[in-house]
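Enquirer:
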Amino acid sequence: MQKKSIYSLGALVLLLVLFVAVSMLAGRWLGGLRFDLTENQLFTLSEGTTRVLGNLQEPVTLYFYFSQEVSRDIPQVRSYAKRVDELLDEFESASGGKLTVVRIDPAPFSEEEDQAAAFGLQAAPVNTAGDTLYLGIAASNTLDEVQAMPFLQPSKEKFLEYDLAKMISSLGQPEKKVIGLLSTLQMQAGFDPAAQSMSDAWIVYDQLGQLFDIQTIDPASASLPDELDVLMLVHPKNLDSGLQYDIEQFVLGGGHLIAYLDPFAESDRGDPADPMAQLQAGSSSSLGSLLEGWGVSYDPVRVIGDLQFGVGSGATRHIGILSVPAQGMNDEDIVSADLETVNFSSTGWFAPLEDATTEFEVLVHSSENAAPMDSSRLRFLTDPNTLLDGFNPTGVRYALAARVTGPAEATMDAPEGEAEGHLQQAGETGINVLLFGDTDMLTDRLWAQKQDFFGQPLVSAFADNGTLAVNAVDNMLGNRDLISIRTRATSARPFDRVNEIRVAAERSYRATEERLQMELEETERKLTELQAAKGESELLVISDEQQAEIDRFMDQRLQIRRELRQVQHDLLRDIDRLDTRLNLVNIVLVPAIVLIVALLYALRRRKQQDAAQADAPSAPEEVNAA
């Protein structure tokens, strides 16, 4: 028996050594082996991200700053930080050694905290004791270029992969991208003939110039310059046919185009030397047949009026100036997502043609209380309220900005002698065009103010127009891999069943609650009247019937309040029942199932062992047989 125990102990020690050895070897040999079994593939990088990381030309270092100790009592932040850390692991693993992740816990008053501040990371206060939390990422390359994500907000989790890939791509391929800007409006600084003075550049022009290399294109040119990374058109009116042909060929050849059109460009004041300049102000622009070739319909003489998104109220309401909130923007496209307000003025709209071969994705839309109206009504407009005359909303949400992608064909023939190299249709990747129905949205007056702050210009934005414009260029300047990166699903899982129960319960009990609330208000009104009558004069004597009425009203009020509390209790009853069932399943049922399976398995093993012992010959029989 003692010998058998020694064998059993030796077997256990051998199994323990074997387990440790296999774990170590598996960690070394299978370190890159991963299985993502989450519903939304939270731990799987997009193909575009993988290609961006694989094509890095410069090594990039990411510095992940997270305050571990300060966040100890904030589980939501710690959970999100863990998600960020896991995503950074995936990035580093897919980079082939070109990306290095450094994790830093910046303690208060430490060199690490000073370094975080030098990178431009933001510290968020977490309590009244003055503790601050860092949750941000800084990145640098071998050329000492630095970019930062100052604070990672959990609400923007689904864009985390895109933001990281964009930052890494710009540092890994540090050459500044070139924007070809063709504008018939004066966006850059210069002499303003209308004001007879020097004018500042539009704020959005300055912002783009800080991020990218802007190459201006003369609208009177007959062709486009070579080697543009993206082409941006702002109010392209009266373009040369040769220039229009180059624009179409640029798009069919895989070039990225952003076009700001306008049926009534208020910032185009016309020629101030012309006495009829006011009649020329508010000109229209379009791309004509090019839009049709891309499967898009556009009306260059009508604008959108909107009762719901129109600014102002009462006598100052202007349905031609729209302030589009977040509900009017596509939160699934990185260009328009996460914006709060974008302002438009006398904007046009786009719609897909019935026979279009392209895909039409709305980025910004009007409300359902909108309708087209003739742009001529805005000329010489003195009373915005007159726009309401005869205005009838159609119930349609109009696309004020859209993305057009997919296969398209040329609508213009090659000029004589230039047939060689002519593209009749887009390549396999198709076209990629962003269309906006307004140019005034880029002007300072609709989204930002510039003030002088101790000799330095200080820009204060009251809308997200500038962010939308930069997002558009930033997105289109990224290569196809960067554009294709999907918005990630969030790791937070909503309690869908709980939400369904809550909605059903509210529908069931809301009518009762409203009825009781009305009865309570009526009872309190009558009670107030009786009590007020009692206090009018000390000589006023309340009869027994009046006193009984007062008592009855007070009892009724108490009863109604009790019923309202019961209604509110009933709203949560089903949720509490579900919570109880879930607790029973998690705490009792699942462990019980595991225990039963383990007992059945042990019982089966015991029966097998007993059967094996019963079949085995006994020791005396073996001796006798010998």
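Each residue of the sequence shown is one higher than the last, beginning at 738 in the working numbering. Every residue, glycine too, gets a C-beta built ideally from N, C-alpha and C. In this text the structure is predicted, and so the values were computed from the model without any measurement.
1. What does DSSP give as the partner residues of G917 in its beta bridges?
2. For a minimum of 4 consecutive residues, which ranges assigned as the alpha helix (DSSP H) are wholly contained in the stretch 804 to 854?
3. In chain order, what residues of the same chain have a beta carbon less than 8 Å from the beta carbon of A992, not counting five sequence neighbours either side?
4. Buried or exposed: where does M886 fall if 16 or more other Cβ atoms within 10 Å of its Cβ makes it buried?
5. Whole angstroms is fine: what's the gap from L989's alpha carbon to W1031's?
6. To the nearest angstrom, how far is it from the Cα of N1169 to the Cα of G1143?
7. In chain order, what residues of the same chain have a beta carbon less than 7 Å from the beta carbon of S920, not counting five sequence neighbours either side?
8. Helix, strand or coil: which one does DSSP assign to F888?
9. Going by beta carbon distance, what residues of the same chain come within less than 7 Å of P1152, once the five residues before and after it are set aside?
10. If you reduce the DSSP assignment to three classes, tell me which class A1351 lands in.
11. Straight-line CA distance for S877 to K913?
12. Using only alpha-carbon positions, find the residue among A844, F987, E848 that is nearest to G1164.
13. On the criterion of 16 or more Cβ atoms from any shown chain inside 10 Å, does T786 qualify as buried, or is it exposed?
14. Distance check for D1005 and V1210, CA to CA, integer angstroms please.
15. Between L1277 and Q1303, what straight-line distance do the alpha-carbon atoms span, to the nearest angstrom?
16. Could you check how far apart the C-beta atoms of T1070 and E1098 are, in whole angstroms? I think they sit under 8 Å.
17. Report the rounded CA-to-CA distance for D1352 versus Q1345, giving the unit in angstroms.
18. Please confirm whether Y817 and A875 have their CB atoms less than 8 Å apart.
19. In or out: A1147 buried (at least 16 other Cβ within 10 Å) or exposed?
20. If distances are taken between C-alpha atoms only, which option among M935, G867, I916 comes closest to I951?
21. Find out if the Cβ-Cβ distance for the pair S1034, D999 is shorter than 8 Å.
22. For the alpha helix (DSSP H) containing G1049, list its first residue and its last residue.
23. Report back the beta-carbon spacing between F1001 and V1040 to the nearest angstrom; my notes put them in contact at under 8 Å.
24. Suppose contacts are defined by Cβ-Cβ distances below 8 Å. Is M1066 in contact with L1100 by that definition?
25. Looking only at its own chain, which residues have a Cβ that is under 8 Å from the Cβ of A1107, when we skip the five neighbours before and after it?
26. Run through DSSP, which three-state label would D1092 get?
27. Once you ignore the five residues that flank R1114 on each side, which residues in its own chain have a CB closer than 7 Å to its CB?
28. To the nearest angstrom, report how far apart L1336 and D1347 are at their CA atoms.
29. Give the straight-line distance between the Cα atoms of H1102 and I841, rounded to the nearest whole angstrom.
30. Which class does G1203 belong to by DSSP, given the choice of helix, strand or coil?
Expert: On the basis of the supplied data:
1. The residue you call residue 917 lines up with position 180 of the sequence shown. According to DSSP, G917 bridges with Q952, L968.
2. 812 to 831
3. Translated into the one-based positions of the sequence shown, residue 992 becomes position 255. Rather than Ala, the amino acid found at residue 992 in this sequence is Gly. The answer, listed in chain order, is L965, V967, L968.
4. By 1-based counting over the sequence shown, the position of residue 886 is 149. M886 is buried by the Cβ-count criterion.
5. Looking up residue 989 in the sequence shown gives position 252. Looking up residue 1031 in the sequence shown gives position 294. Going from the Cα of L989 to the Cα of W1031 covers about 10 Å.
6. As a first step, residue 1169 is located in the sequence shown; it is residue number 432 there, counting from the start. As a first step, residue 1143 is located in the sequence shown; it is residue number 406 there, counting from the start. N1169 and G1143: Cα-Cα distance of roughly 7 Å.
7. Taking the first residue of the sequence shown as position 1, residue 920 is located at position 183. Counting only Cβ-Cβ distances below 7 Å, and skipping sequence neighbours, we find V971, H972.
8. Residue mapping note: residue 888 aligns to position 151 of the sequence shown, counting from 1. The answer is coil: DSSP assigns F888 none of H, G, I, E or B.
9. Taking the sequence shown and counting its residues from 1, the one referred to as residue 1152 is at position 415. Excluding residues within five positions, the ones whose Cβ falls inside 7 Å are G979, Y982.
10. Residue mapping note: residue 1351 aligns to position 614 of the sequence shown, counting from 1. The answer is helix: DSSP assigns A1351 an H, G or I state.
11. To locate residue 877, count along the sequence shown from 1; it is residue 140. To locate residue 913, count along the sequence shown from 1; it is residue 176. The straight-line gap from Cα to Cα measures roughly 16 Å.
12. The residue you call residue 1164 lines up with position 427 of the sequence shown. Measuring from the Cα of G1164, the nearest candidate turns out to be F987.
13. Residue numbering aside, residue 786 sits at position 49 when the sequence shown is read from its first letter. Answer is buried; the Cβ neighbour count reaches 16.
14. In the sequence shown, residue 1210 corresponds to position 473, counting from 1. In the sequence shown, residue 1005 corresponds to position 268, counting from 1. V1210 and D1005: Cα-Cα distance of roughly 23 Å.
15. Your numbering for residue 1277 matches position 540 in the sequence shown. Your numbering for residue 1303 matches position 566 in the sequence shown. For L1277, the predicted structure reports a pLDDT of 48, less than 50, and the residue's modelled location is therefore unreliable. The matter cannot be settled from this model.
16. Counted from its first residue, the sequence shown places residue 1070 at position 333. Counted from its first residue, the sequence shown places residue 1098 at position 361. Residue identity check: residue 1070 is Asp in the sequence provided, not Thr. Contact flag correct, Cβ pair sits at about 7 Å.
17. In the sequence shown, counting from the first residue as 1, residue 1352 sits at position 615. In the sequence shown, counting from the first residue as 1, residue 1345 sits at position 608. For D1352 and Q1345, the distance between alpha carbons rounds to 11 Å.
18. Position 80 of the sequence shown, counting from 1, holds the residue named residue 817. Position 138 of the sequence shown, counting from 1, holds the residue named residue 875. No; because the gap between Cβ atoms is not below 8 Å, this pair is not in contact.
19. Locating residue 1147 in the sequence shown gives position 410, counting from the first residue. Its Cβ being crowded by 16 or more others within 10 Å, A1147 is buried.
20. Residue mapping note: residue 951 aligns to position 214 of the sequence shown, counting from 1. Answer by Cα proximity: I916.
21. Start at 1 with the first residue of the sequence shown, and residue 1034 comes out as number 297. Start at 1 with the first residue of the sequence shown, and residue 999 comes out as number 262. No, Cβ-Cβ distance for S1034 and D999 is not below 8 Å.
22. The sequence position of residue 1049 within the sequence shown is 312, counting from 1. Looking at the DSSP string, G1049 is not in any alpha helix (DSSP H), and its letter there is neither H nor E.
23. For the purposes of this step, residue 1001 is taken as the residue at position 264 of the sequence shown. For the purposes of this step, residue 1040 is taken as the residue at position 303 of the sequence shown. Right, the Cβ-Cβ distance comes to about 6 Å (below 8 Å), so this counts as a contact.
24. Within the sequence shown, numbered from 1, the residue matching residue 1066 stands at position 329. Within the sequence shown, numbered from 1, the residue matching residue 1100 stands at position 363. Yes, they are a contact pair.
25. Locating residue 1107 in the sequence shown gives position 370, counting from the first residue. These residues qualify, in order along the chain: I1041, G1042, D1043, L1044, Q1045, F1046, P1130, T1131, V1133, R1134, Y1135.
26. Here residue 1092 refers to the residue found at position 355 when the sequence shown is read from its first residue. Of the three classes helix, strand and coil, the one that applies to D1092 here is coil, per DSSP.
27. What you label residue 1114 is simply residue 377 of the sequence shown in a count that begins at 1. Closer than 7 Å at Cβ, skipping near neighbours: L1124.
28. Taking the first residue of the sequence shown as 1, we reach residue 1336 at position 599. Taking the first residue of the sequence shown as 1, we reach residue 1347 at position 610. Spanning the two alpha carbons is a distance of roughly 16 Å.
29. Numbered from 1 along the sequence shown, position 365 holds the residue referred to as residue 1102. Numbered from 1 along the sequence shown, position 104 holds the residue referred to as residue 841. C-alpha separation (whole angstroms): 43 Å.
30. Mapped onto the sequence shown, residue 1203 falls at position 466. In this structure, G1203 counts as helix in the three-state DSSP scheme.
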